[in-house]
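What follows is a short report on a single structure.
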């Protein structure tokens with residue numbers, strides 16, 4: 352499905368990897384765990400995702416912060432690494448102090464005049480609100496939409512439907528932008544227009560759906576929309 | 352929850368990694384792709400799993416054979432590997448000729464006298480039936496139960512409920528055995544008694560449920576049940 356730009360009235364952005372750069376977590380992991388950090392980071396991230404999917408399938412909701420901590424403990428155990436409570440807390444609190452990618456502020460400022468803007472994320476509201484406040488994004492965002500509202504995680508249809516509800520716009524008037532290929536697939540299958548923010552070389556999922564558009568970052572996406 | 356062995360009247364086994372050894376697929380991957388085989392195998396397996404979860408969450412069912420082929424194409428693209436159609440077909444057809452682990456036949460034969468036995472798997476019936484026939488397991492299995500019957504994959508509650516329905520036994524009289532930690536978690540959350548078949552060193556998922564029992568293989572499980 353090609354982009355139908357003139358229909359778009361609102362844009363919902365995924366949070367982690369799309370707006371917020373989790374590099375500072377990797378940096379802290381390296382400081383604490385040295386040459387084991389990469390392996391821990393990979394396992395942590397993988398389990399974090401898997402637990403959102405598995406818990407939704409099992410019907411056993413747990414909020415994103417707690418589930419992320421469970422995933423960290425899994426990663427530590429799987430890599431035979433010990434960490435004390437203070438280190439775990441410090442790692443988890445990094446989620447409150449994530450920087451946005453360099454082009455995000457400017458792109459949101461440009462888009463703000465034309466579109467209603469939102470975050471649509473798996474994270475719980477308090478996590479999102481603190482990361483938004485930390486980066487001073489409040490003034491540009493109309494809504495912060497969280498999976499916690501339906502107690503199910505992406506990519507269930509209900510979460511993309513929340514964007515329609517919270518932004519007060521039907522699917523055809525909404526663009527969803529994410530760097531996560533499976534998230535793009537879920538939103539596309541639901542019926543939103545979608546932009547894949549391909550920040551690094553990666554491969555689109557083979558789930559029989561394609562994003563309307565691919566952009567290297569949000570500046571490039573803003574260029575496409577505001578021409 | 353501790354094992355309540357005297358209540359058990361039926362046992363449902365997961366298929367791949369629990370009864371059937373997929374090592375022959377890895378062997379064929381090595382023959383075709385040499386030193387890139389390990390990377391392809393890891394990506395293929397990961398995507399195969401992810402696509403069962405994602406498609407179920409998205410409400411976009413596709414059968415296990417086709418979804419597995421999609422995952423193979425993803426793995427080839429992600430590793431920058433080219434393969435012709437004949438090679439893809441050969442790899443996929445390996446699923447029809449998987450050997451059971453060495454102790455499986457004897458363990459099933461021992462359990463058969465006391466318990467109703469079934470396979471409970473994500474795979475489509477034709478895949479399972481051919482792998483069962485290839486290993487001559489037909490005589491020991493009462494039921495072959497497939498996710499295809501509900502068009503949703505593990506670990507949704509509905510799939511573990513199928514074991515009750517097809518074996519005609521309530522959850523408390525059923526043991527589910529799997530080597531896959533997330534599958535064990537799903538069945539435990541549903542309310543089945545569960546055995547984790549820990550064929551290699553691995554770590555239990557942190558999903559707030561624990562299997563009733565852990566066994567190194569099916570022989571050890573049979574020993575526990577038949578004492």
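Protein chains in written order, with the numbering used here: chain A, 352 to 578; chain B, 352 to 578. All C-beta atoms in this analysis are idealised placements derived from N, C-alpha and C, irrespective of residue type, glycine included. It should be emphasised that the depicted structure is a prediction, and the values quoted were computed from it without experimental measurement.
message: Run through chain A and tell me which residues come within less than 7 Å of residue 572 of chain B, C-beta to C-beta.
response: Here the premise fails: no neighbours, minimum Cβ distance about 24 Å.
task: Given a cut-off of 8 Å, decide if residue 471 of chain B and residue 527 of chain B are closer than it, judged by their beta-carbon atoms.
output: A contact, by the Cβ cut-off of 8 Å.
- request: Could you run through the segment 402-421 of chain B and flag, in chain order, every residue whose CB is less than 8 Å away from some CB of chain A?
  value: Cβ contacts with chain A: 402, 404, 405, 406, 407, 408, 409, 410, 411, 413, 421.
query: In terms of residues, what are the limits of the beta strand (DSSP E) holding residue 525 of chain B?
result: Its beta strand (DSSP E) spans residues 525-529.
- request: Going by CA-CA distance only, name the one from B:485, B:394, B:477, B:404 that's closest to residue 496 of chain B.
  value: Of the candidates B:485, B:394, B:477, B:404, the residue whose Cα lies closest to the Cα of residue 496 of chain B is B:477.
query: CB-CB under 7 Å to residue 445 of chain A, same chain, minus the five flanking residues each way: which ones, in chain order?
result: Closer than 7 Å at Cβ, skipping near neighbours: 375, 376, 379.
message: Looking only at its chain, what residues have a beta carbon closer than 6 Å to the beta carbon of residue 530 of chain B, apart from the 5 residues adjacent to it on each side?
response: If we look at residue 530 of chain B and ignore the five residues flanking it on each side, its Cβ neighbours are 368, 369, 548, 550.
message: What does the alpha-carbon distance come out to for the pair residue 522 of chain A and residue 542 of chain A?
response: Looking at the two C-alpha atoms, the distance is approximately 6 Å.
field: Residues in the segment 537-555 of chain B having any Cβ partner in chain A nearer than 7 Å
entry: If the cut-off is 7 Å between Cβ atoms, the segment 537-555 of chain B has 537, 540, 554 near chain A.
query: Using the beta-carbon of each residue, which ones in chain A are nearer than 7 Å to residue 429 of chain B?
result: Those within 7 Å of residue 429 of chain B in chain A are 554.
message: Rounded to the nearest angstrom, what separates residue 507 of chain B and residue 401 of chain A at their Cα positions?
response: Just so you know, the alpha carbons of residue 507 of chain B and residue 401 of chain A end up roughly 14 Å apart.
message: The beta strand (DSSP E) that contains residue 430 of chain A, what's its start and end?
response: Where residue 430 of chain A is concerned, there is no enclosing beta strand (DSSP E), given that its DSSP letter is neither H nor E.
Pairwise C-alpha distance: residue 408 of chain A and residue 502 of chain B: Straight-line Cα distance between these residues: approximately 13 Å.
- prompt: From A:466, A:387, A:398, A:483, pick the residue whose C-alpha is nearest to that of residue 366 of chain A; which is it?
  reply: Checking every option, the nearest Cα to that of residue 366 of chain A belongs to A:483.
task: Name the two residues that bound the continuous beta strand (DSSP E) containing residue 566 of chain B.
output: Unbroken beta strand (DSSP E) run through residue 566 of chain B: 564-566.
- prompt: If you draw a straight line from the alpha carbon of residue 455 of chain B to that of residue 391 of chain B, how long is it in whole angstroms?
  reply: The alpha-carbon atoms of residue 455 of chain B and residue 391 of chain B are separated by roughly 28 Å.
task: Go ahead and label residue 453 of chain A buried or exposed: buried means 16 or more other beta carbons lie within 10 angstroms of its beta carbon, across all protein chains shown.
output: It counts as exposed.
message: Please tell me whether residue 573 of chain A and residue 558 of chain A are closer than 8 Å, where the distance is taken between their beta carbons.
response: The Cβ atoms of residue 573 of chain A and residue 558 of chain A lie no closer than 8 Å to each other.
message: Is residue 507 of chain B close to chain A? Criterion is C-beta to C-beta, closer than 8 Å.
response: It does; some Cβ of chain A falls within 8 Å.
task: To the nearest angstrom, report how far apart residue 381 of chain A and residue 447 of chain B are at their CA atoms.
output: Going from the Cα of residue 381 of chain A to the Cα of residue 447 of chain B covers about 45 Å.
query: Applying the criterion that 16 or more other CB atoms from any shown protein chain within 10 Å of the CB defines a buried residue, is residue 518 of chain A buried or exposed?
result: With 16 or more neighbouring CB atoms inside 10 Å of its own CB, residue 518 of chain A falls in the buried class.
task: Rounded to whole angstroms, what's the CA-CA distance from residue 490 of chain A to residue 359 of chain A? Just pull it up for me.
output: Residue 490 of chain A and residue 359 of chain A: Cα-Cα distance of roughly 21 Å.
- prompt: If we cut at 8 Å on Cβ distances, does residue 558 of chain A have a partner in chain B?
  reply: Taking Cβ atoms only, chain B reaches closer than 8 Å to residue 558 of chain A, which makes this a yes.
query: Is the Cβ-Cβ distance between residue 492 of chain A and residue 458 of chain A less than 8 Å?
result: No, they are not a contact pair.
Residue-level contact to chain A via CB, residue 425 of chain B, 8 Å cutoff: Residue 425 of chain B counts as touching chain A.
message: I want to verify the contact list: residues of chain B whose CB lies under 8 Å from the CB of residue 533 of chain A, in sequence order.
response: Here the neighbours are 401, 405.
message: Judging by CA-CA distance, which residue of B:577, B:485, B:499 is the nearest neighbour of residue 415 of chain B?
response: Ranking B:577, B:485, B:499 by Cα distance to residue 415 of chain B puts B:499 first.
- prompt: Near residue 418 of chain B, what residues of its chain come up, given a Cβ to Cβ distance below 8 Å and the 5 sequence neighbours on each side ignored?
  reply: Contacts found: 399, 402, 403, 406.
message: So, for residue 422 of chain B: in the same chain, excluding its five sequence neighbours on each side, which residues have a beta-carbon less than 7 Å away from its beta-carbon?
response: Beyond the five residues adjoining it in sequence on each side, residue 422 of chain B comes within less than 7 Å, by CB distance, of 395, 398, 399, 402 in the same chain, given in chain order.
message: Between which residues of its own chain and residue 434 of chain B is the CB-CB distance below 6 Å, once the five residues before and five after are set aside?
response: Closer than 6 Å at Cβ, skipping near neighbours: 427.
task: Would you kindly report the start and end of the unbroken alpha helix (DSSP H) that includes residue 389 of chain B?
output: Counted as a single uninterrupted DSSP element, the alpha helix (DSSP H) harbouring residue 389 of chain B occupies residues 388-409.
- prompt: Taking the C-alpha atoms as reference points, what is the distance between residue 449 of chain B and residue 569 of chain A?
  reply: Whole-angstrom Cα-Cα distance: 47 Å.
- prompt: If you check the beta carbons only, do residue 562 of chain B and residue 545 of chain B fall under 8 Å apart?
  reply: Cβ distance < 8 Å, so residue 562 of chain B and residue 545 of chain B count as in contact.
- request: Would you check if the distance between the CB atom of residue 473 of chain A and the CB atom of residue 424 of chain A is smaller than 8 Å?
  value: With a cutoff of 8 Å on beta-carbon distance, residue 473 of chain A and residue 424 of chain A are scored as not near each other.
- request: Assign residue 467 of chain A to one of three DSSP states: helix, strand, or coil.
  value: The answer is strand: DSSP assigns residue 467 of chain A an E or B state.
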